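Taken in sequence, the protein lines are chains V and Y.
Whatever position you read off the first sequence (first residue = 1), add 2 for my numbering.
Whatever position you read off the second sequence (first residue = 1), add 2 for my numbering.
Cβ coordinates follow ideal geometry from the N, Cα and C atoms, glycine included.
Predicted, not measured: the structure shown is a model, and the values here were computed from it.
2 protein chains.
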Amino acid sequence: MIRHTVAFTLRHEPGSAEESSFLEAAHGLAAIPGVQRFERLRQVSSKSHFQFSFSMEFADAAAYESYNEHPFHQQFVTERWAVEVADFQELDFVPLDTSVG
Amino acid sequence: MIRHTVAFTLRHEPGSAEESSFLEAAHGLAAIPGVQRFERLRQVSSKSHFQFSFSMEFADAAAYESYNEHPFHQQFVTERWAVEVADFQELDFVPLDTSVG
Numbered sequence: 003m004i005r006h007t008v009a010f011t012l013r014h015e016p017g018s019a020e021e022s023s024f025l026e027a028a029h030g031l032a033a034i035p036g037v038q039r040f041e042r043l044r045q046v047s048s049k050s051h052f053q054f055s056f057s058m059e060f061a062d063a064a065a066y067e068s069y070n071e072h073p074f075h076q077q078f079v080t081e082r083w084a085v086e087v088a089d090f091q092e093l094d095f096v097p098l099d100t101s102v103g
Numbered sequence: 003m004i005r006h007t008v009a010f011t012l013r014h015e016p017g018s019a020e021e022s023s024f025l026e027a028a029h030g031l032a033a034i035p036g037v038q039r040f041e042r043l044r045q046v047s048s049k050s051h052f053q054f055s056f057s058m059e060f061a062d063a064a065a066y067e068s069y070n071e072h073p074f075h076q077q078f079v080t081e082r083w084a085v086e087v088a089d090f091q092e093l094d095f096v097p098l099d100t101s102v103g
């Protein structure tokens with residue numbers, strides 16, 4: 003299992019229609035083959051400035067790579083992410099003592 | 003649900019006995035009342051320098067606060083975390099459209 007996460011802030015006003023539109027559009031990522039346990043999360047620690055996070059899991063590195071190359075993902079990155087995200091940090095995880103498959 | 007996560011790097015050499023000792027000691031955090039889905043993870047994205055992460059879930063803010071105040075947690079922070087961790091970042095999450103209970 004590989005868990006892919008990305009914490010981010012948006013250029014939009016909190017609570018705005020533009021913010022909602024972005025978060026709604028991300029639902030489409032959950033439908034890409036191989037994506038498991040897709041979550042849209044609000045970041046609530048005062049120790050970080052990030053506002054949101056997406057989290058998803060893949061069975062192995064091949065499924066993760068297939069997601070990265072999927073046309074919907076690439077379109078989302080180009081048309082929404084690159085335009086609307088102000089700052090982000092990716093963190094990917096595997097259970098301890100497990101190698102990436 | 004509140005998911006508490008902390009990504010971190012250790013002062014120890016990768017693969018060292020000291021590294022293993024720290025990660026083993028963290029198992030004790032999972033036994034603190036209110037801690038659910040405790041995970042020890044390896045951070046594998048080349049886009050971040052963090053080596054590891056702990057992730058756990060709490061039913062509500064009261065359970066999270068009780069964890070923070072628990073003697074084992076406070077001892078772990080003082081005796082191990084403050085001494086052995088070189089750098090860390092906390093991120094806490096709630097499902098989108100959910101307020102912190």
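Please name the residue in Y/ARG42, Y/VAL37, Y/HIS14, Y/PRO16 whose C-alpha comes closest to that of Y/GLU26.
Taking the second sequence and counting its residues from 1, one reaches residue 26 of chain Y at position 24. When C-alpha distances from Y/GLU26 are compared across Y/ARG42, Y/VAL37, Y/HIS14, Y/PRO16, the shortest belongs to Y/ARG42.
So with Cβ pairs under 7 Å, would you call Y/LEU98 a contact of chain V?
In the second sequence, the residue the question calls residue 98 of chain Y occupies position 96. Y/LEU98 counts as touching chain V.
Could you check the C-alpha separation between Y/PRO73 and Y/ALA64 for me, to the nearest Å?
As a working note, residue 73 of chain Y is residue 71 in the second sequence. As a working note, residue 64 of chain Y is residue 62 in the second sequence. Each residue's alpha carbon lies about 16 Å from the other.
What number of angstroms, rounded off, separates the C-alpha of Y/ASP94 from the C-alpha of Y/SER57?
On the second sequence, residue 94 of chain Y is found 92 positions in, with the first residue counted as 1. On the second sequence, residue 57 of chain Y is found 55 positions in, with the first residue counted as 1. Annotation: Y/ASP94 to Y/SER57 spans about 9 Å, alpha carbon to alpha carbon.
By Cβ distance, which residues of its chain are closer than 8 Å to Y/GLU86, with the 5 residues on each side in sequence left out?
Translated into positions along the second sequence, residue 86 of chain Y becomes position 84. So the list reads LEU12, ARG13, HIS14, GLU20, PHE24, once near-sequence residues are dropped.
Can you tell me which residues form a DSSP beta bridge with V/SER55?
Translated into the one-based positions of the first sequence, residue 55 of chain V becomes position 53. For V/SER55, the beta-bridge partners assigned by DSSP are V/ALA9, V/LEU43.
Neighbour list for Y/GLU92 in chain B, Cβ cutoff strictly below 7 Å:
As a matter of chain content, chain B is missing from the structure shown, whose protein chains are V and Y.
Rounded C-beta distance between V/ALA32 and V/PHE90? I'm assuming under 8 Å.
As a first step, residue 32 of chain V must be located in the first sequence, where it is residue number 30. As a first step, residue 90 of chain V must be located in the first sequence, where it is residue number 88. Actually they are not in contact, since the Cβ atoms of V/ALA32 and V/PHE90 sit about 18 Å apart, beyond 8 Å.
Determine whether the Cβ of V/SER55 lies closer than 7 Å to any Cβ atom of chain Y.
Position 53 of the first sequence, counted from the start, is the residue given in the question as residue 55 of chain V. Closer than 7 Å: yes.
According to DSSP, is Y/LEU93 part of a helix, a strand, or is it coil?
The residue you call residue 93 of chain Y lines up with position 91 of the second sequence. Secondary structure at Y/LEU93: strand, using DSSP grouped into helix, strand and coil.
Chain-ordered residues of the stretch 27-47 of chain V with a beta carbon less than 9 Å from chain Y:
Closer than 9 Å at the C-beta level to chain Y, one finds these residues of the stretch 27-47 of chain V: GLU41, ARG42, LEU43, ARG44, GLN45, VAL46, SER47.
Helix, strand or coil for Y/VAL87 per DSSP?
Counting from one through the second sequence, the residue named residue 87 of chain Y turns up at place 85. Strand at Y/VAL87.
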